[in-house]
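**Q**
Protein chains: 2
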Amino acid sequence: MGISERKERDKQEMRTKIIDAAISMFLTEGYEKTSIRNIAEKIEYSPATIYLYYKDKDELLYEVQRQAFEKLELEFHEKVTSADPMERLEQLCYTYVRFGKNNKEMYDLMFMMKAPMNCVEEDETWNNNTDSFDFLVKCLSDCMENNLLRFDNVMTAALSVWSMGHGLVSLDVSCRFKAMQMDETSINIAIEEAIGQYLKLIKA
Amino acid sequence: MGISERKERDKQEMRTKIIDAAISMFLTEGYEKTSIRNIAEKIEYSPATIYLYYKDKDELLYEVQRQAFEKLELEFHEKVTSADPMERLEQLCYTYVRFGKNNKEMYDLMFMMKAPMNCVEEDETWNNNTDSFDFLVKCLSDCMENNLLRFDNVMTAALSVWSMGHGLVSLDVSCRFKAMQMDETSINIAIEEAIGQYLKLIKA
DNA sequence: TTAAAATATAAACACTGTTTATTAAATTTG
DNA sequence: CAAATTTAATAAACAGTGTTTATATTTTAA
Chain A
18 MGISERKERD KQEMRTKIID AAISMFLTEG YEKTSIRNIA EKIEYSPATI YLYYKDKDEL
78 LYEVQRQAFE KLELEFHEKV TSADPMERLE QLCYTYVRFG KNNKEMYDLM FMMKAPMNCV
138 EEDETWNNNT DSFDFLVKCL SDCMENNLLR FDNVMTAALS VWSMGHGLVS LDVSCRFKAM
198 QMDETSINIA IEEAIGQYLK LIKA
Chain B
18 MGISERKERD KQEMRTKIID AAISMFLTEG YEKTSIRNIA EKIEYSPATI YLYYKDKDEL
78 LYEVQRQAFE KLELEFHEKV TSADPMERLE QLCYTYVRFG KNNKEMYDLM FMMKAPMNCV
138 EEDETWNNNT DSFDFLVKCL SDCMENNLLR FDNVMTAALS VWSMGHGLVS LDVSCRFKAM
198 QMDETSINIA IEEAIGQYLK LIKA
């Protein structure tokens, strides 16, 4: 029965073909400005064909998000290498913010896009990013077990650290730091300073 | 020459009619899902008429943002009333976060929408929100002049405080706290805790 | 080789923001 | 007051969107 296996391979190949085109276009043009027709044109298939492999445009986004979170997690495992818990936390924070700044469009798809989150729904779909989040929680627990942090609740700690990191990145990604009359390099410096400062503040 | 004045009044009235419809629809349905045709239908005019009063859909958004920032500033002046600088900072932080949580769709238009910021352009358009930001800077300066804060640079301080506040609100608005397996009330409590915690941390 | 199943697509539907040519109304001028 | 002109509103069209359906085309099974 090699035939049905080859068919399955072909199907996966096609899905990959589509998602690769989608990724590259989402990242260069953004989600909204990328149309199914454009993706279809890029892979030289008709628009309707895409709907044989993905339910709708949102499902393309979910898959892209999945891969993006994989990439973030990989970055964590590559860059958060210290044995010292506190040093690990520092590496984690800098890695997170730099990941956002180096992959702005991707960061937008992961953490800022509101459209397909659909606050209401129950969603199996959004079991994403828990890995990365768990990574943070683990790191914070390690610090707090050794009384290295001025937090008394791990979840509040995680919420705080994440919010600080996300605040810095997302205001930058959405260009809101324009409100501060500073040039780009000054802002970049200030952002790194802010992280360092924050890390000092939360140290016990 | 009362005629041209009445015409000017009529024109303003029409602009108000349009923007009021736009606001209410942006806030209930969101910017993307609100169409010019829907707005036109609501005010019982043809879609093309709107273009006689506003250049395009983005210009509607800019006007809505302007009014939203006015509302935030008003809230600041209403709720940030203490004479004590440090107490003022606390009031400011809580006011900001609660404003975001009570006006999620509006907060999205103000601080999260990427579309019409157009990072590149020079924009006179985006002289918004500087008032609110200046309010924060003033508040922080007052604190720091009295050595009440563990910051040594006002701009870094402003960047940090804003990022923390924005991080908390925007992750909530965009439903990303779903990654933490917590119910809504727990998250709301944790957010308020995080602010209190942060304020303690930055106190000298 | 023919019948059946899987795959791809053209065409259509109901939308979108925006522009243009046309019509209707209000105002100014002779 | 009537005619000419400016102003205001719109219908219709353009080029685009996500998505569905009915129609080929190709591949597999009998």
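So the sequence lines, in the order shown, correspond to chains A and B.
Taking this note's numbering, the leading residue of the first sequence gets 18, the next gets one more, and so forth.
Taking this note's numbering, the leading residue of the second sequence gets 18, the next gets one more, and so forth.
Just so you know, even glycine gets a beta-carbon here, dropped at the ideal spot from N, CA and C.
#1: Kindly indicate if chain B contains any beta-carbon less than 8 Å away from that of Gly184 of chain A.
#2: Here's the rule: buried if 16 or more other CB atoms are within 10 angstroms of the residue's CB, otherwise exposed. What is Leu69 of chain B?
#3: For Glu46 of chain B, return the contacting residues in chain A, with the cut-off set at a CB-CB distance below 9 Å.
#4: Please return the same chain residues whose Cβ sits closer than 8 Å to the Cβ of Leu157 of chain A, not counting the five positions on each side in sequence.
#5: Is the beta carbon of Phe224 of chain B sitting closer than 8 Å to the one on Ser187 of chain B?
#6: What three-state label does DSSP hand Leu166 of chain B in the structure shown?
#7: So the candidates are A:Lys155, A:Glu87, A:Glu209; which of them puts its Cα closest to the Cα of Met103 of chain A?
#8: Just verifying my parser: in three-state terms, what is the DSSP assignment at Ile219 of chain B?
#9: Just verifying my parser: in three-state terms, what is the DSSP assignment at Glu58 of chain A?
#10: Counting contacts by CB-CB distance shorter than 8 Å, is Gln84 of chain B in contact with chain A?
#11: Can you tell me whether DSSP reads Ser52 of chain A as helix, strand or coil?
#12: Does DSSP put Gly47 of chain B in a helix, in a strand, or in coil?
#13: Determine the direct distance from the alpha carbon of Gln82 of chain A to that of Glu58 of chain A, and round the result to whole angstroms.
#14: Count Cβ pairs between the region 199-212 of chain A and the region 206-217 of chain B that sit closer than 8 Å; are there 3 or more?
#15: Take Lys34 of chain A and list the residues in its own chain whose beta-carbon comes closer than 6 Å to its own, dropping the five residues that flank it on each side.
#16: How long is the line joining the alpha carbons of Leu109 of chain A and Glu49 of chain B, rounded to whole angstroms?
#17: Who are the Cβ neighbours of Met130 of chain B in its own chain at under 7 Å, not counting the five residues just before and after it?
#18: Throw me the rounded Cβ distance for the Val190 of chain B and Tyr113 of chain B pair, which I believe falls under 8 Å.
#19: Which residues in chain B sit within 7 Å of Tyr215 of chain A, going by Cβ to Cβ distance?
#20: Can you look up Lys24 of chain A in the DSSP assignment and give me helix, strand or coil?
#21: Would you kindly work out how many angstroms separate the C-alpha atoms of Glu139 of chain B and Phe86 of chain A, rounded to a whole number?
#22: Would Ala221 of chain A count as contacting chain B if we go by Cβ distances under 8 Å?
#23: Please compile the residues from chain A whose C-beta is within a distance smaller than 7 Å of the C-beta of Asp125 of chain B.
#24: Label Asn163 of chain A either buried or exposed according to how many other C-beta atoms from any shown protein chain fall within 10 Å of its C-beta, with 16 as the threshold for buried.
#25: Just the chain A side, please: which residues come within less than 7 Å of Leu218 of chain B by C-beta, in chain order?
#26: Are Phe116 of chain B and Leu89 of chain B touching if we call contact CB-CB under 8 Å?
#27: Where does the unbroken alpha helix (DSSP H) through Arg105 of chain B begin, and where does it stop?
#28: Closer than 8 Å, CB to CB, is Met31 of chain B near chain A or not?
#29: Against Ser52 of chain A, what residues of chain B qualify as contacts under a CB-to-CB distance less than 9 Å, listed in chain order?
#30: So with Cβ pairs under 8 Å, would you call Phe128 of chain B a contact of chain A?
#31: Give the residues of chain A in contact with Met197 of chain B, contact being defined as C-beta atoms less than 8 Å apart.
#32: Got a sec? Which residues, its chain only, sit under 7 Å from Tyr111 of chain A by beta carbon, not counting five neighbours each side?
#33: According to DSSP, is Gly213 of chain B helix, strand or coil?
**A** Put simply:
#1: Residue 184 of chain A sits at position 167 when you count from the first residue of the first sequence. It does: the Cβ of Gly184 of chain A has a partner Cβ on chain B nearer than 8 Å.
#2: Within the second sequence, residue 69 of chain B is the residue found at index 52, counting from 1. Counting Cβ neighbours within 10 Å, Leu69 of chain B comes out exposed, since fewer than 16 surround it.
#3: The residue labelled residue 46 of chain B in the question sits at position 29 within the second sequence. Here the premise fails: no neighbours, minimum Cβ distance about 13 Å.
#4: Numbered from 1 along the first sequence, position 140 holds the residue referred to as residue 157 of chain A. Sequence-distant partners of Leu157 of chain A (beyond 5 residues in either direction) whose C-beta falls short of 8 Å from its own C-beta, in its chain, are Leu106, Leu166, Phe168, Val171, Ala174, Ala175, Val178.
#5: Absent from the model: residue 224 of chain B. The displayed extent of chain B is 18 to 221, so no value can be given.
#6: Sequence index remark: in the second sequence, residue 166 of chain B carries index 149 (1-based). Looking at Leu166 of chain B - three-state DSSP - the assignment turns out to be strand.
#7: On the first sequence, position 86 is the one that residue 103 of chain A refers to. For Met103 of chain A, the nearest C-alpha among the options comes from A:Lys155.
#8: As a position in the second sequence, residue 219 of chain B is number 202, starting the count at 1. Looking at Ile219 of chain B - three-state DSSP - the assignment turns out to be helix.
#9: Here residue 58 of chain A corresponds to residue number 41 of the first sequence, with the count starting at 1. Correct three-state label for Glu58 of chain A: helix.
#10: Here residue 84 of chain B refers to the residue found at position 67 of the second sequence. So no, Gln84 of chain B is outside the interface.
#11: Translated into positions along the first sequence, residue 52 of chain A becomes position 35. Note: Ser52 of chain A maps to coil in three-state DSSP.
#12: As a first step, residue 47 of chain B is located in the second sequence; it is residue number 30 there, counting from the start. Three-state result, Gly47 of chain B: coil.
#13: Locating residue 58 of chain A in the first sequence gives position 41, where the first residue counts as 1. Locating residue 82 of chain A in the first sequence gives position 65, where the first residue counts as 1. Spanning the two alpha carbons is a distance of roughly 22 Å.
#14: no
#15: In the first sequence, counting from the first residue as 1, residue 34 of chain A sits at position 17. Contacts found: Ile60.
#16: Numbered from 1 along the first sequence, position 92 holds the residue referred to as residue 109 of chain A. Numbered from 1 along the second sequence, position 32 holds the residue referred to as residue 49 of chain B. Each residue's Cα considered, the two are about 35 Å apart.
#17: Translated into the one-based positions of the second sequence, residue 130 of chain B becomes position 113. Answer for Met130 of chain B: Tyr48, listed in chain order.
#18: For the purposes of this step, residue 190 of chain B is taken as residue 173 along the second sequence, with counting starting at 1. For the purposes of this step, residue 113 of chain B is taken as residue 96 along the second sequence, with counting starting at 1. Their Cβ separation, rounded to whole angstroms, is 13 Å, which puts Val190 of chain B and Tyr113 of chain B out of contact at 8 Å.
#19: The count along the first sequence starts at 1 and reaches residue 215 of chain A at position 198. In chain order: Ser177.
#20: The sequence position of residue 24 of chain A within the first sequence is 7, counting from 1. It is helical.
#21: In the second sequence, counting from the first residue as 1, residue 139 of chain B sits at position 122. In the first sequence, counting from the first residue as 1, residue 86 of chain A sits at position 69. Any reading at Glu139 of chain B needs caution, since the residue's pLDDT is 48, under 50, leaving its predicted position unreliable; the model's value is listed next. Roughly 33 Å separates the two Cα atoms.
#22: For the purposes of this step, residue 221 of chain A is taken as the residue at position 204 of the first sequence. No, Ala221 of chain A does not count as interfacial toward chain B.
#23: In the second sequence, the residue the question calls residue 125 of chain B occupies position 108. The contacting residues are Lys131.
#24: Position 146 of the first sequence, counting from 1, holds the residue named residue 163 of chain A. Exposed, since its Cβ has fewer than 16 Cβ neighbours within 10 Å.
#25: Taking the first residue of the second sequence as 1, we reach residue 218 of chain B at position 201. By Cβ distance, chain A contributes Arg167, Leu218, Ile219.
#26: Walking along the second sequence from the start, residue 116 of chain B turns up at place 99. Walking along the second sequence from the start, residue 89 of chain B turns up at place 72. Going by C-beta atoms, Phe116 of chain B is nearer than 8 Å to Leu89 of chain B.
#27: As a working note, residue 105 of chain B is residue 88 in the second sequence. From DSSP, the alpha helix (DSSP H) with Arg105 of chain B extends over 102-119.
#28: Along the second sequence, one-based indexing puts residue 31 of chain B at 14. Met31 of chain B does not count as touching chain A.
#29: Along the first sequence, one-based indexing puts residue 52 of chain A at 35. None at all; the shortest Cβ gap to chain B is about 14 Å.
#30: Taking the second sequence and counting its residues from 1, one reaches residue 128 of chain B at position 111. Judged by the 8 Å Cβ criterion, Phe128 of chain B is in contact with chain A.
#31: The count along the second sequence starts at 1 and reaches residue 197 of chain B at position 180. The contacting residues are Phe150, Met172, Ala175, Leu176.
#32: The residue you call residue 111 of chain A lines up with position 94 of the first sequence. Correct list, in chain order: Ile212.
#33: Taking the second sequence and counting its residues from 1, the one referred to as residue 213 of chain B is at position 196. Helix at Gly213 of chain B.
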